[in-house]
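Asks: Mind looking over this structure? Questions follow.
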Amino acid sequence: MQQRSNRRSCSYIPLGVHNNAEKSLCTEVAPARKNKRSITTSPIVNINVVERRLFNLELEKQQLRAKNLSENTGGGSPNGGAYLDAKKGVREQDQYQGGPSKELDRLQPPPSMKKSPPRKKKSLKDLIYETNKTFYQVDSNKVKYKVGLSKKQLLPSKTVDN
Numbered sequence: 001m002q003q004r005s006n007r008r009s010c011s012y013i014p015l016g017v018h019n020n021a022e023k024s025l026c027t028e029v030a031p032a033r034k035n036k037r038s039i040t041t042s043p044i045v046n047i048n049v050v051e052r053r054l055f056n057l058e059l060e061k062q063q064l065r066a067k068n069l070s071e072n073t074g075g076g077s078p079n080g081g082a083y084l085d086a087k088k089g090v091r092e093q094d095q096y097q098g099g100p101s102k103e104l105d106r107l108q109p110p111p112s113m114k115k116s117p118p119r120k121k122k123s124l125k126d127l128i129y130e131t132n133k134t135f136y137q138v139d140s141n142k143v144k145y146k147v148g149l150s151k152k153q154l155l156p157s158k159t160v161d162n
């Protein structure tokens, strides 16, 4: 075979023996090119592109789960059947993982969503007293510091130079 005089170099790969034919049979193969995109693009990856791709992968996984659930139910009611099957799938996954079922956690709202008890209005003086009580031992006029500091340590020390 003749090699074309092209600016691209072609690589020749010897083929194995076919039907006991010639051992030195060679065929021309397409030129070994590197990925053009990897050559032309910068090595810095745009974070937004990666996030979008990951998000799309998550969407695809969810769509596949929905298809699998709908196939398993046999075309039952889309609302109730799929929901029950989803719970069943979650339970099975938990059993495989060996962990406890997290179904109870899902039924209860997170602590941040729970309503806090109604607050009582307190005077500023009472609030200051309570905060001081946590950090200091307050006893009428005497204040002992719980942190281990005394008033002398808090005041800047004065040095007397003669």
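Each residue of the sequence shown is one higher than the one before, starting from 1 at the first, in full-length UniProt numbering. Cβ atoms here follow ideal geometry from the backbone N, Cα and C, with glycine treated the same way.
1) Would you kindly work out how many angstroms separate the C-alpha atoms of Lys-67 and Arg-53, rounded to a whole number?
2) Distance, Cα to Cα, Lys-122 vs Thr-73?
3) In whole angstroms, give me the CA-to-CA distance for Glu-60 and Glu-71.
4) Taking DSSP as the reference, what is the three-state secondary structure of Lys-61?
5) On the CB-based measure, 16 or more other CB atoms within 10 Å of its CB, does Leu-69 come out buried or exposed?
Replies: For this structure:
1) For the purposes of this step, residue 67 is taken as residue 67 along the sequence shown, with counting starting at 1. For the purposes of this step, residue 53 is taken as residue 53 along the sequence shown, with counting starting at 1. Those two C-alpha atoms are separated by around 21 Å.
2) Stepping through the sequence shown from its first residue, residue 122 is reached at position 122. Stepping through the sequence shown from its first residue, residue 73 is reached at position 73. Between Lys-122 and Thr-73, the C-alpha separation is close to 58 Å.
3) Taking the sequence shown and counting its residues from 1, the one referred to as residue 60 is at position 60. Taking the sequence shown and counting its residues from 1, the one referred to as residue 71 is at position 71. Computed Cα separation, rounded: 16 Å.
4) Locating residue 61 in the sequence shown gives position 61, where the first residue counts as 1. In this structure, Lys-61 counts as helix in the three-state DSSP scheme.
5) Reading the sequence shown from its first residue, position 69 is the one you call residue 69. Classification of Leu-69: buried, given that the 10 Å Cβ count is 16 or more.
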